[in-house]
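Visitor: One line per chain: the protein sequences are U and B, in this order.
No gaps in the numbering here: position 215 of the first sequence is 582 in the numbering used here, and each next residue is one more.
No gaps in the numbering here: position 122 of the second sequence is 489 in the numbering used here, and each next residue is one more.
Protein chains: 2
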Amino acid sequence: MSTRSLTSKNNPVVKTVRLLATQARRAPAELTLVEGVRSVEEVLRANIEISTVLISDNFGDSERGLRLREVLVQSGLKIYQIPEALFRSLSDVKASQGILALVRIPARKLITDLAADRPLLLCAAGIQDPGNLGTLIRAAAAAGASMVCTLSGTVSVRNPKTVRASAGAVFHIPFIEELAPEGFLEFCRRRSIPVLRSSAHEGNCYFREDLTGPCAILLGNEGSGVDRAAWAAGLRSVHIPMAPGAESLNVAVAGAILMFEALRQRTSRPS
Amino acid sequence: MSTRSLTSKNNPVVKTVRLLATQARRAPAELTLVEGVRSVEEVLRANIEISTVLISDNFGDSERGLRLREVLVQSGLKIYQIPEALFRSLSDVKASQGILALVRIPARKLITDLAADRPLLLCAAGIQDPGNLGTLIRAAAAAGASMVCTLSGTVSVRNPKTVRASAGAVFHIPFIEELAPEGFLEFCRRRSIPVLRSSAHEGNCYFREDLTGPCAILLGNEGSGVDRAAWAAGLRSVHIPMAPGAESLNVAVAGAILMFEALRQRTSRPS
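What follows is the structure, encoded as structure tokens:
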């Protein structure tokens, strides 16, 4: 299928992109907006289904970009070429590379997708900033986490800013969204996966905790942490000791430190 | 001194704020723009000199904000009240809290400011994203680092976005900017501080490296790392092992993992 020109801002494809870009309620839940050469390459590498590709008039500055377009054309994908100004109005990036794709990241079921021997789960409970969630997912994938769960009230994994900050990791790590706290806890209980709540000051020091076994790390909202009163009062907690006078860590940094401590322990003391 | 009204966008104070907000070349190097209630509170807590405060017409939604204004008024500071629309045009934040301050973060000299017994230095060599640098500085302060250095070609520590991502840490940790690589290396050599280059794959595994002694951790550009060919060829390097298939870590996350491993080792094995 060849490249088609598309110039109207009222075209249905353009409207769909805009809904996804602004994370409007009416945006189709099954589609995720992906921007940039590297991200689209990651989509292909992960065998994620691409629905539509939009390319700006000015696309093709780099050899890598041209190679990518060649691959997309040869795959028989629908490619729309749109005017630079229209493209910019859809793009969320300052220095846009002129390529957007609508992709279908498959939905996972919490029950069936956990194949790991010693599962390491990451659960985001109320994180608001898509950059933080994306960075956390990137770190989870790098630390070998089995799955990412988010509870209701957490920014979407499919938010274009989350996708970008994850540097492609959302295409590779299984995730499930919008869980109820009880559903998540029940899932862990059934599989004897201890849940560890990351706390600013409470609980055990993280590196004195045995993280070599199955484990789910729970990270809360940037400002208020996990809502303990509501549902997390009985959970075991760990904290990351800091230097005197220090106040707090960025939630993505805290999560990464915990997950890489688990990887360190698993590497140093294999079961 | 009472609050004065200020309505013209051509007022010199407004012009100065705009230069700082856009990180223009002509922006006064001695001033840093700080935005938000919490950040201005941190400035006061750190005894940083405040030059000017700008408050929007709509300021004062929160009790915490009103308390802060009271403290600022009592300190005899120059406070300008400006129309909401003008304030928004200066603000870099979506949900602005209606308060900006121009502050003077004192310049440090690399030679004289290193009092720590077992110094832990963080050196940023080419980081471009202010969010990454700020997050890194926040993690460095939390891990008890003695100082942050940046080499030429790194985004400014005083960039408003860096300041914000640091969550106030830039007001507490000593830093020095725009060093030449040779100057930084010479400084470390003279004090027998080993420099460790953070690498994606090369060198020793980070947790097998002894980080209990004096140590400078060097982090490079988000895409290309430290420019080895130019000046860092002879440096010792460490890497963070990742799960199979994982590509890379965010630079702030990598730096945080390294610094907290140093803190972990120092806590577990005090000298």
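No residue lacks a Cβ here, since even glycine has one placed at the ideal position from N, Cα and C.
(1) Using a C-beta to C-beta distance shorter than 8 Å, which residues of chain U count as neighbours of Val620(B)?
(2) Along chain B, in chain order, which residues have C-beta atoms closer than 7 Å to that of Thr634(U)?
(3) For Ser615(U), would you say it is in contact with chain B, using Cβ-to-Cβ distances shorter than 8 Å as the test?
(4) Relative to the C-alpha of Ser604(U), which candidate in Leu433(U), Asp594(U), Gly612(U) has its C-alpha closest?
(5) Going by C-alpha distance, which of Phe538(U), Ala413(U), Pro608(U) is nearest Asn571(U)?
(6) Between the C-alpha atoms of Ser523(U) and Tyr447(B), what's the straight-line distance to the nearest angstrom?
(7) Whole angstroms are fine: how far does the CA of Thr389(U) sit from the CA of Arg455(U)?
(8) Quick one: using the 10 Å Cβ neighbour count with 16 as the cut-off for buried, is Glu569(B) buried or exposed?
(9) Under the DSSP definition of a beta bridge, which residues are partnered with Gln650(B)?
(10) Just checking: is the beta-carbon of His568(B) within a distance shorter than 8 Å of some beta-carbon in chain U?
(11) Using a Cβ cut-off of 8 Å (strictly closer), state whether Phe354(U) contacts chain B.
(12) Look at the alpha carbon of Ser566(B) and the alpha carbon of Gly592(B), and state the distance between them as a whole number of angstroms.
(13) Which partner residues does Glu402(U) have in the DSSP bridge list?
(14) Can you pull the chain U residues whose beta carbon is under 8 Å from the beta carbon of Gly403(B), in chain order?
(15) Tell me whether the beta-carbon of Asn499(U) lies closer than 8 Å to the beta-carbon of Asn617(U).
(16) With DSSP collapsed to three states, give me the class of Glu545(U).
(17) Over the uninterrupted beta strand (DSSP E) stretch that includes Thr374(U), give me the two end residues.
(18) Nearest CA to the CA of Lys528(B): which residue from Val620(B), Val404(B), Val460(B)?
(19) Can you tell me whether DSSP reads Leu448(B) as helix, strand or coil?
(20) I want to see whether chain B comes within less than 8 Å of Phe554(U), judged by CB atoms only; does it?
(21) Taking 8 Å as the cut-off, decide whether the C-beta atoms of Ala629(B) and Ala510(B) are in contact.
(22) Going straight from the alpha carbon of Val530(U) to that of Asn588(U), what length do you get?
(23) Kindly indicate which residue of Gly520(U), Gly403(U), Arg385(U), Gln441(U) has the alpha-carbon position closest to the one of Ala532(U).
(24) Looking only at DSSP bridge pairs, what is Met514(U) linked to?
(25) Look up Ile584(U) in the DSSP assignment and say whether it is helix, strand or coil.
Guide: In brief:
(1) Thr502, Arg505, Ala506, Ala619, Val620, Ala623
(2) Pro608
(3) yes
(4) Asp594(U)
(5) Pro608(U)
(6) 39 Å
(7) 14 Å
(8) exposed
(9) A question about residue 650(B) goes unanswered here, because the residues of chain B that appear run from 368 up to 638.
(10) no
(11) Because chain U in this structure spans residues 368 to 638, residue 354(U) falls outside the shown range and cannot be described.
(12) 7 Å
(13) Leu467(U)
(14) Taking a Cβ-Cβ threshold of 8 Å, none of the residues of chain U is close to Gly403(B); the smallest such distance is about 13 Å.
(15) yes
(16) strand
(17) Looking at the DSSP string, Thr374(U) is not in any beta strand (DSSP E), and its letter there is neither H nor E.
(18) Val460(B)
(19) Looking at the sequence itself, residue 448(B) is Gln, so the reference to Leu does not match. Residue state, collapsed to three classes: strand.
(20) no
(21) Judged by beta-carbon spacing, Ala510(B) lies within the 8 Å limit of Ala629(B), meaning their Cβ atoms are closer than that value.
(22) 19 Å
(23) Gly403(U)
(24) Leu488(U)
(25) Shown here, Ile584(U) sits in a strand according to DSSP, grouped into three states.
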